[in-house]
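Q: Following this message is one structure expressed as structure tokens.
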Amino acid sequence: MRVVSLHSYPVKGCHRLDHERVEVEPWGLAGDRRWLIVAPDGAFVSQRTTPELALLRPAPVDGGLRLNAPGQPALVLATPDPDAGPLRQVTVWRSTIATTPVSPAADAWLTALLRRPVQLVWLDDPTRRRINPEHSRPEDRVSFADGYPVTIANTASLDALNTWLAADGAPSVPMSRFRPNIVIDGAPAWAEDSWTGARTRVGDVVFRVAKPAGRCQVVNIDQETGERRGQVLKALGQHRRRGDNLLFAVHLIPDATGVVAVGDALAVVR
């Protein structure tokens, strides 16, 4: 089994960055989901309600972030100083997290793009958010990801899903629909189901496999156009339902820091 692609998502819910090599930090891949768009009440904004987030392409620059989107001039933002003003409490699912507001310019740019009032915040201290204790240790932390630091997906499982879609006359989908961090090949379809509770070693970095990844309607959103298209959720409901969850990929928690790279071998360590 080997890594075939690596991805991070600087702004939660927005377009990905592709990597050949990337650092693994205790709370996820370096730079992954450290910026967040929130509504006036502090609740996070996601593709579930705002699919056009997929069109927002953030890119890191020295000392900050550049935002790019169709019809908007690019905006370069400096990483904000957490000591410059009051922190903002925001919510990501059941977590309430203190964050640093970025700037009025960022808020105005995003409000114009999304046609609704929003604010951009930055997670200056990624140690603030704990992971669900049912599947983690007390010291484990996560950034603005839905629940766990890293998600790993298997190309053979995507092939199996696309076979089901084809049988229903639906178009195939790329792996980007599932917004993984690490994509591997060389494993049988759904082999990752058996990894829960084990460890995986990717290159020299060891991860604990916390649980399978439950899926939502975002898998039906084209990550290049922001359009809702396809029947992915329906296919998962027919073939991959486990209780209340529709499963694809698994969540990992880093046991150490290091660097992972495309081409690295993956081994399951029991």
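Using UniProt numbering, you'd call the opening residue of the sequence shown number 1 and step up by one each time.
Glycine is no exception: its CB is placed at the ideal position from the N, C-alpha and C atoms.
Using a 10 Å radius around the Cβ and a threshold of 16 neighbouring Cβ atoms, would you call P188 buried or exposed?
A: exposed
Q: Could you give the distance in angstroms between the alpha-carbon of D159 and the alpha-carbon of V173?
A: 9 Å
Q: In chain order, what are the residue ranges of uninterrupted beta strand (DSSP E) at least 3 long that sit wholly in the region 48–76?
A: 57–61, 64–69
Q: Please identify the residue among T111, G63, R34 whose C-alpha is closest to the C-alpha of A69.
A: T111
Q: Under a Cβ-count criterion, where at least 16 other Cβ atoms within 10 Å of its own Cβ denotes burial, should R242 be classed as buried or exposed?
A: exposed
Q: Using CA atoms only, rank isn't needed, just tell me which of A30, R116, V142 is closest to residue 274.
A: Outside the displayed range of the chain (1 to 270) lies residue 274, so it cannot be described from this structure.
Q: Please give the ranges of any alpha helix (DSSP H) in the UniProt domain "MOSC" (115–269), keeping only runs that are unbroken, at least 4 residues long and fully inside the region.
A: 155–167, 232–239
Q: Say whether the region 100–107 touches the region 126–143, bearing in mind that this needs 3 or more beta-carbon pairs closer than 8 Å, one atom from each stretch.
A: no
Q: Using a Cβ-Cβ cut-off of 8 Å (strictly less than) and excluding sequence neighbours within five positions of P80, which residues of its own chain qualify?
A: T100, P101, V102, S103, W122, D124
Q: Look at the alpha carbon of G230 and the alpha carbon of A84, and state the distance between them as a whole number of angstroms.
A: 45 Å
Q: Specify the secondary structure class of T79 as computed by DSSP and reduced to three states.
A: Coil at T79, not helix or strand.
Q: To the nearest angstrom, how far is the alpha carbon of Q223 from that of R177?
A: Rounded to whole angstroms, the gap between the alpha carbons of Q223 and R177 is 6 Å.
Q: Taking just the CA atoms, how far does D146 sit from E192?
A: 19 Å
Q: Secondary structure at W35, three-state DSSP: helix, strand or coil?
A: strand
Q: So for D18, helix, strand or coil by DSSP?
A: strand
Q: Report the partner residues of T96 according to the DSSP bridge assignment.
A: T96 pairs with T91.
Q: Can you tell me whether residue 277 is buried or exposed, with buried defined as 16 or more other CB within 10 angstroms of its CB?
A: Any property of residue 277 remains undetermined from this structure, which presents the chain solely from 1 to 270.
Q: Look at the Cβ atom of V3, then the Cβ atom of D264, and state whether they are nearer than 7 Å.
A: yes
Q: From I184, R228, E227, R179, pick the residue whose C-alpha is nearest to that of G214; which is it?
A: R179
Q: Note down, in chain order, each residue of its chain lying with its Cβ closer than 7 Å to the Cβ of A43, except the 5 sequence neighbours on either side.
A: T91
Q: What are the boundary residues of the beta strand (DSSP E) that includes V102?
A: From DSSP, V102 is part of no beta strand (DSSP E); its letter is neither H nor E.
Q: Between V269 and V206, which are expected to be in contact by the criterion C-beta below 8 Å, what is the C-beta distance as a whole number of angstroms?
A: 7 Å
Q: With DSSP collapsed to three states, give me the class of residue 289.
A: Given a span of 1 to 270 for the chain in the structure shown, any question on residue 289 remains unanswerable.
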